[in-house]
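S.K.:
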Amino acid sequence: MAQTHGVAALPAEPEKATLEGKNKLLAFWTFLGAECVLFGCLFATFMALRNQVPDGPTAQELFDLKTVGWSTFLLLTSSLTSVFAIMNMHKGKHGATQLWLAVTVLLGLGFLILEIDEFTHYVHEGHKFTSSAFGTSFYTLVGCHGAHVTFGIIWITTLILQGFKKGLTVVTAPKYYVAALYWHFVDLVWVFIFTVVYLMGKVGH
Amino acid sequence: MSEHTHEAVSDESKRHKHEGPRNHNLTYIVSALLTIFAFAAVLYGQLDRTFIILFIVVLGLIQAVFQLFFWMHAKEKGHFFPVIGIAFGFFIALTAVAAAVWWMWW
Numbered sequence: 001m002a003q004t005h006g007v008a009a010l011p012a013e014p015e016k017a018t019l020e021g022k023n024k025l026l027a028f029w030t031f032l033g034a035e036c037v038l039f040g041c042l043f044a045t046f047m048a049l050r051n052q053v054p055d056g057p058t059a060q061e062l063f064d065l066k067t068v069g070w071s072t073f074l075l076l077t078s079s080l081t082s083v084f085a086i087m088n089m090h091k092g093k094h095g096a097t098q099l100w101l102a103v104t105v106l107l108g109l110g111f112l113i114l115e116i117d118e119f120t121h122y123v124h125e126g127h128k129f130t131s132s133a134f135g136t137s138f139y140t141l142v143g144c145h146g147a148h149v150t151f152g153i154i155w156i157t158t159l160i161l162q163g164f165k166k167g168l169t170v171v172t173a174p175k176y177y178v179a180a181l182y183w184h185f186v187d188l189v190w191v192f193i194f195t196v197v198y199l200m201g202k203v204g205h
Numbered sequence: 001m002s003e004h005t006h007e008a009v010s011d012e013s014k015r016h017k018h019e020g021p022r023n024h025n026l027t028y029i030v031s032a033l034l035t036i037f038a039f040a041a042v043l044y045g046q047l048d049r050t051f052i053i054l055f056i057v058v059l060g061l062i063q064a065v066f067q068l069f070f071w072m073h074a075k076e077k078g079h080f081f082p083v084i085g086i087a088f089g090f091f092i093a094l095t096a097v098a099a100a101v102w103w104m105w106w
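These protein sequence lines are chains A and B, in that order. Its first residue numbered 1, the first sequence is counted upward by one per residue in UniProt numbering. Its first residue numbered 1, the second sequence is counted upward by one per residue in UniProt numbering.
The structure is reproduced here in structure tokens:
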């Protein structure tokens, strides 16, 4: 009874209940602004160099939109499941929060496996980091995004593990919220990657 | 005690007002549709190259706005400074892209 009361006594938006939580949110949005600049520069480099292919396959010959479609589907769905996690957190349902975050991690892992498989395939086709300016800028941009996905998977997994120990409090709530924001941002960057890298690559020049 | 219960109830209704699954599911459907349109335009569209590129970039931007406002809660109150922060980051990013495209393509 006392425990149920403890959960019910959590404020409606536990992530903003403390000054520390509020500061964390604002700082995290600032960080996402900086991430925009980072990815913007990588996109700019890629767009400038994407047709510089002295030898080796071009984007048009290389890309398989079916794989990209599946990757997109996995990441978009994982973004939705992390929204479900935060919705359940706002209702004070800690178990459901953990469960939806676990689903998010699994979908993220699926995306990562597809990407590793795709990169391995490209290397066999002769599209390597050092083979052309297209190769270098491609692996820097898409690899940087893949590294963000990897980091997100590790981060959210450790949050779930910590959640088992600490439960849902005004201290852990901002962590869940900020991790979900990060995951949405990673999905948002992917929208521009499939548009600019894969679809525009398929259109050709 | 009764006052506490009343407070919890009003709290609950307030919560439902600004956060239901409907907007989140809608964002998912809109994102999926925009993605399918973009893929279809490239795969099956017998259109002008410049038009296709502009079309898919605009679809991507619309999707980004939807996800920012609904999934990342940017439309909710108390998000003035976060929106300023992300908008400024986006502005710098777009400037970098525009500069690179302008130098290399024209």
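Ideal placement from N, C-alpha and C gives every residue a C-beta, glycine not left out. Because the structure is a prediction, the values reported are computed rather than measured.
Applying a beta-carbon distance threshold of less than 7 Å, which residues of chain B neighbour A/G69?
M.R.: Per Cβ cutoff of 7 Å: F39.
S.K.: Can you check whether the C-beta of B/Y28 is within less than 8 Å of a C-beta belonging to chain A?
M.R.: Yes - at least one Cβ of chain A is within 8 Å of the one on B/Y28.
S.K.: Mind listing the chain A neighbours of B/R22? Cutoff is C-beta to C-beta under 7 Å, in chain order.
M.R.: Result: empty, since nearest Cβ-Cβ is about 11 Å, beyond 7 Å.
S.K.: Distance check for A/T130 and B/A96, CA to CA, integer angstroms please.
M.R.: Straight-line Cα distance between these residues: approximately 24 Å.
S.K.: Give a yes or no on whether 8 Å exceeds the smallest Cβ distance from B/F90 to chain A.
M.R.: By this cut-off, B/F90 is an interface position.
S.K.: Does the beta carbon of A/C144 come closer than 8 Å to any beta carbon on chain B?
M.R.: Cβ-Cβ to chain B under 8 Å: no for A/C144.
S.K.: Does the distance from the CB of A/V203 to the CB of B/V42 come in under 8 Å?
M.R.: Yes, these two residues count as a Cβ contact at 8 Å.
S.K.: Determine which residues of the segment 23-43 of chain A have a Cβ less than 8 Å from any Cβ of chain B, and write them out in chain order.
M.R.: Flagged, chain order: L25, L26, W29, T30, L32, G33, A34, E35, C36, V37, F39, G40, C41 and F43.
S.K.: Roughly how many angstroms separate the alpha carbons of A/M89 and A/K165, rounded to a whole number?
M.R.: Going from the Cα of A/M89 to the Cα of A/K165 covers about 16 Å.
S.K.: Does DSSP put A/K24 in a helix, in a strand, or in coil?
M.R.: Three-state result, A/K24: helix.
S.K.: Determine the chain A residues that contact B/L94 at a beta-carbon separation under 8 Å, and present them in chain order.
M.R.: Near B/L94 (Cβ distances below 8 Å), the residues of chain A are G40.
S.K.: So is residue 206 of chain A buried or exposed if we call it buried at 16+ other beta carbons inside 10 Å?
M.R.: No answer is possible for residue 206 of chain A: the residues shown for chain A start at 1 and end at 205.
S.K.: Report the three-state DSSP secondary structure of A/P11 (helix, strand or coil).
M.R.: Here A/P11 sits in coil by DSSP.
S.K.: Checking 8 Å against the spacing of the C-beta atoms, do A/A180 and A/S82 come in under that value?
M.R.: Yes, the Cβ-Cβ distance between A/A180 and A/S82 is below 8 Å.
S.K.: According to the neighbour-count rule (16 or more other Cβ atoms, all chains shown, within 10 Å of its Cβ), is B/W102 buried or exposed?
M.R.: Exposed is the call here.
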